[in-house]
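Novice: In the UniProt record's numbering, the protein residues as written are 1 to 538.
Rendered as structure tokens:
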């Protein structure tokens, strides 16, 4: 389907407006907006080509919830009921067995989008226990007051989808079975968006592109309507003194030779009051934090199980959860090629500077990041870790570092990015390499296993979705997953809504503890500021 000629296909608002229109008709269904449409903030063109709008409804609706070694699959038996069965398979083994890759998928070709339905959702950091890092103090300190779901992974089977190709100016509707009603619904939504002027050249957001405008441009971007929501009872999990003590303990581990770099984290939690839906909060986050991997995920939980649903599983029903992410970092992409060839690619980020208030200051900050020994050392260290992770399931001789310590500029920050790629071994499944690289090395430190064990003793609570990954596992054999940073997690418990925001940074032997604490405060501003709040004092 061609979109209307007056629709600016690379508008940052097009996919979001279309998703909002389609989501209104079934607000309780699992749904996801994977939006990479803003070409102005993506230095790599392929990141801004496709936006995916995925939904799960009808008799083929299916959800998968993983918690503490138990994977529960929930099948629709009607629009208002479901049946469940559980298995004790480790999550990535379950994914290996249930990631349906169509036998004739092969190379999708230039005309086809990589997303061709499949599984969509998020994987939380604590699944690491199944990959060699057992629970410690941090994982044991889970508290419902943190706003964290007990769920450690939550996926849904996309029964219907829309894929917007912003480069070609086309829109594709997808469904597991031929569904003319879905095609008509999408066509009506496109007409509604075009008539309202959303996604048009005249209404495209203007705030995020100019070099040297810094955070001010994002903060001043207009957004229609007043925000009818407020964060109350904000609390930070660790006081400044506690976090500084953890930094010094991490540096002691570095001096003892048990690790080289420790990605230490904390979290802010709050009660979310007011009538504004999470999708509106997400829109405000997008305005302030333009990024190539913005995602909104709605996982409804288990409000309507059958009477015996969950019996004998030993796990509680998942709470309704919404993930609001403005991540700049790709964890891993899987791209089928000619024949049996499959390319895997990771783009770790280490090293950040704010944008300058003038072009001269902006260039100086980018140059400082590009040449600073500490930032380059951190980036090279994590890149080497990623190379090791990908090599486990790669064809010999195909591992490449495509870019090393490249500075990319976004509306509010400059970031140092490297790119590592490899060809998947002919005897390996894509789920194998996703597991081998999990959790993202940029969120652990190096070496990975020993550093995660150190973090279990230094951190005072679990991370949940934060520093995990989110995206899709398509029937085409393709996958695209981002690292869940700059991400708010909202959980619903009846009428109560809670927000959880993970924060952190890399600690090295040369780190200044006070500067690391200030970095945590600074990183919180992108999300809290969009919601009219500030980092709490404890």
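Backbone N, C-alpha and C fix where the C-beta goes; we use that ideal spot for every residue, glycine too.
Since the structure is predicted, the reported quantities are computational estimates derived from the model, not experimental observations.
Pull up the distance between the alpha-carbon of residue 476 and that of residue 337, whole angstroms please.
Specialist: About 11 Å.
Novice: Based on Cα-Cα distance, which residue from 163, 95, 177 and 197 lies nearest to residue 186?
Specialist: Cα-wise, what sits closest to residue 186 is 163.
Novice: Tell me which residue opens and which closes the alpha helix (DSSP H) that residue 361 is part of.
Specialist: That run of the alpha helix (DSSP H) goes 359-371.
Novice: Provide the residue(s) that pair with residue 320 in DSSP beta bridges, ordered along the chain.
Specialist: 492, per the DSSP bridge assignment.
Novice: Looking at residue 488 and residue 324, is the spacing between their C-beta atoms short of 8 Å?
Specialist: Yes, the Cβ-Cβ distance between residue 324 and residue 488 is below 8 Å.
Novice: In three-state DSSP terms, what is residue 389?
Specialist: Residue state, collapsed to three classes: helix.
Novice: Going by beta carbon distance, what residues of the same chain come within less than 6 Å of residue 407, once the five residues before and after it are set aside?
Specialist: 366, 369, 370, 414 and 416.
Novice: If we count the other Cβ atoms within 10 Å of its Cβ and call it buried at 16 or more, is residue 534 buried or exposed?
Specialist: Its Cβ having fewer than 16 others within 10 Å, residue 534 is exposed.
Novice: Quick one: Cα of residue 374 to Cα of residue 481, how far?
Specialist: Using only the alpha carbons, I get a separation of about 28 Å.
Novice: Could you spell out where the alpha helix (DSSP H) holding residue 243 opens and where it closes?
Specialist: It spans 240-255 - the alpha helix (DSSP H) in which residue 243 sits, taken as one unbroken run.
Novice: Buried or exposed: which applies to residue 97, given that a residue is buried once 16 or more other Cβ atoms fall within 10 Å of its Cβ?
Specialist: With fewer than 16 Cβ atoms within 10 Å of its Cβ, residue 97 is classed as exposed.
Novice: Distance check for residue 531 and residue 522, CA to CA, integer angstroms please.
Specialist: In a straight line, the C-alpha of residue 522 is about 15 Å away from that of residue 531.
Novice: What is the DSSP secondary structure of residue 339, reduced to helix, strand or coil?
Specialist: Correct three-state label for residue 339: coil.
Novice: Could you give the DSSP three-state label for residue 276: helix, strand or coil?
Specialist: Here residue 276 sits in coil by DSSP.
Novice: Within its chain, find whatever has a CB closer than 7 Å to the CB of residue 258; leave out the 5 residues flanking it on each side and keep chain order.
Specialist: 450 and 454.
Novice: Distance, Cα to Cα, residue 525 vs residue 176?
Specialist: For residue 525 and residue 176, the distance between alpha carbons rounds to 41 Å.
Novice: Here's a check: name, in chain order, each residue in its chain whose Cβ is nearer than 8 Å to the Cβ of residue 342, leaving out the five neighbours to either side.
Specialist: Answer for residue 342: 334, 335, 336, 423, 424, 430 and 477, listed in chain order.
Novice: I'd like the list of long-range same chain contacts for residue 116, defined as Cβ closer than 6 Å, with 5 residues on each side in sequence excluded.
Specialist: 474, 475 and 476, listed in sequence order.
Novice: Which one of 428, 248, 268 and 518 has the shortest CA to CA distance from residue 232?
Specialist: It is 268 whose Cα lies nearest to the Cα of residue 232.
Novice: Can the beta-carbon of residue 529 be found less than 8 Å from the beta-carbon of residue 519?
Specialist: Against a cut-off of 8 Å, the Cβ pair of residue 519 and residue 529 comes out as no contact.
Novice: Tell me the DSSP secondary structure of residue 152 in three-state form.
Specialist: Of the three classes helix, strand and coil, the one that applies to residue 152 here is coil, per DSSP.
Novice: Pop quiz: residue 472 and residue 34 are said to be a contact at Cβ under 8 Å. What is the actual Cβ separation, rounded to whole angstroms?
Specialist: The pair is a contact, with the Cβ atoms about 7 Å apart (cut-off 8 Å).
Novice: Rounded to the nearest angstrom, what separates residue 222 and residue 484 at their Cα positions?
Specialist: Because the pLDDT at residue 222 is just 35, under 50, the model does not fix this residue reliably, and the value given afterwards should be weighed accordingly. Cα to Cα, the separation comes out at about 26 Å.
Novice: I want to know whether the region 88-102 touches the region 121-138 - three or more CB-CB distances under 8 Å.
Specialist: As far as the Cβ criterion goes, the region 88-102 touches the region 121-138, which means the pair count is three or higher.
Novice: As a quick exercise: from 29, 457 and 18, pick the residue whose alpha carbon is nearest that of residue 245.
Specialist: Residue 457 is the option with its Cα nearest to residue 245.
Novice: Going by other Cβ atoms of all chains shown within 10 Å of its Cβ, with 16 needed for buried, is residue 358 buried or exposed?
Specialist: Classification for residue 358: exposed.
Novice: Would you list the one or two residues that DSSP bridges to residue 419?
Specialist: According to DSSP, residue 419 bridges with 403.
Novice: Cα separation between residue 294 and residue 36?
Specialist: Roughly 7 Å separates the two Cα atoms.
Novice: Confirm, please, whether the CB-CB distance from residue 390 to residue 346 is below 8 Å.
Specialist: Yes, the Cβ-Cβ distance between residue 346 and residue 390 is below 8 Å.
Novice: Would you identify the three-state DSSP class for residue 25, choosing helix, strand or coil?
Specialist: Coil, per DSSP.
Novice: Go ahead and label residue 23 buried or exposed: buried means 16 or more other beta carbons lie within 10 angstroms of its beta carbon, across all protein chains shown.
Specialist: Its Cβ being crowded by 16 or more others within 10 Å, residue 23 is buried.
Novice: Out of 62, 255, 101 and 393, state which residue places its alpha-carbon closest to the alpha-carbon of residue 433.
Specialist: Closest option to residue 433, Cα to Cα, is 393.
Novice: Taking the alpha carbon of residue 195 as the point to measure from, which residue in 443, 14, 463 and 464 has its own alpha carbon closest?
Specialist: Checked all of 443, 14, 463 and 464; the closest Cα to residue 195 is 14.
Novice: In three-state DSSP terms, what is residue 177?
Specialist: If DSSP states are grouped into helix, strand and coil, residue 177 belongs with coil.
Novice: Using the Cβ count rule (16 or more neighbours within 10 Å means buried), how would you classify residue 216?
Specialist: For residue 216, the pLDDT reaches just 34, beneath the cut-off of 50, and the residue's location in the model is therefore unreliable, leaving the point undetermined.
Novice: In this structure, what does DSSP give as the bridge partners for residue 157?
Specialist: Answer is 119, bridged to residue 157.
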